[in-house]
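Right, one structure below, let's go through it.
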Amino acid sequence: MARAATTADAFNAVAEPRRRQILDLLASGEKPVNDLVSVLGLAQPLVSKHLRVLREVGLVEVRDSGRQRMYRINARPLKDIHEWVSGYQRLWDERFDRLDMVLEELKELEDGDGRDDD
139 MARAATTADA FNAVAEPRRR QILDLLASGE KPVNDLVSVL GLAQPLVSKH
189 LRVLREVGLV EVRDSGRQRM YRINARPLKD IHEWVSGYQR LWDERFDRLD
239 MVLEELKELE DGDGRDDD
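Numbering (our numbering), first residue to last: 139 to 256.
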């Protein structure tokens, strides 16, 4: 089966770690591409390529500000990802609850081994 293009949807776009880093940086506010280049330590053409993919799926918006292009996050496309991941919340909650129970049992056994039975 052919792999979906990275520009097909937000799921594919955020699968790339550098794009997630860009989104993390833009979450704190609008930034020009040169700021992103400086923080990421990547070449400007590579950052621009990632920004283009993020723009194509609607995760990033751009506006001109004089000679700079300012990028900002658009969180709406992340809603589908959030809803999908949220479906696994119950699974993780159950696993952590079971882990808590096992740890509590181990603690009780450990506490019980150090006691003197008079």
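Every residue gets a Cβ at the ideal spot worked out from N, C-alpha and C, and that includes glycine. Since we're looking at a predicted model, the values are computed, not measured.
By the neighbour-count criterion, in which 16 or more other beta carbons inside 10 Å mark a residue as buried, residue 236 falls on the exposed side. Pairing residue 193 with residue 152, the inter-Cα distance amounts to about 12 angstroms.
Residue pairing for residue 210: DSSP places it in a beta bridge opposite 199. Residue pairing from DSSP leaves residue 245 without any beta-bridge partner. Three or more beta-carbon pairs separated by less than 8 angstroms are not found between the region 177-191 and the region 218-226, which leaves the two stretches without contact. A straight-line Cα-Cα distance of about 10 angstroms links residue 247 and residue 241.
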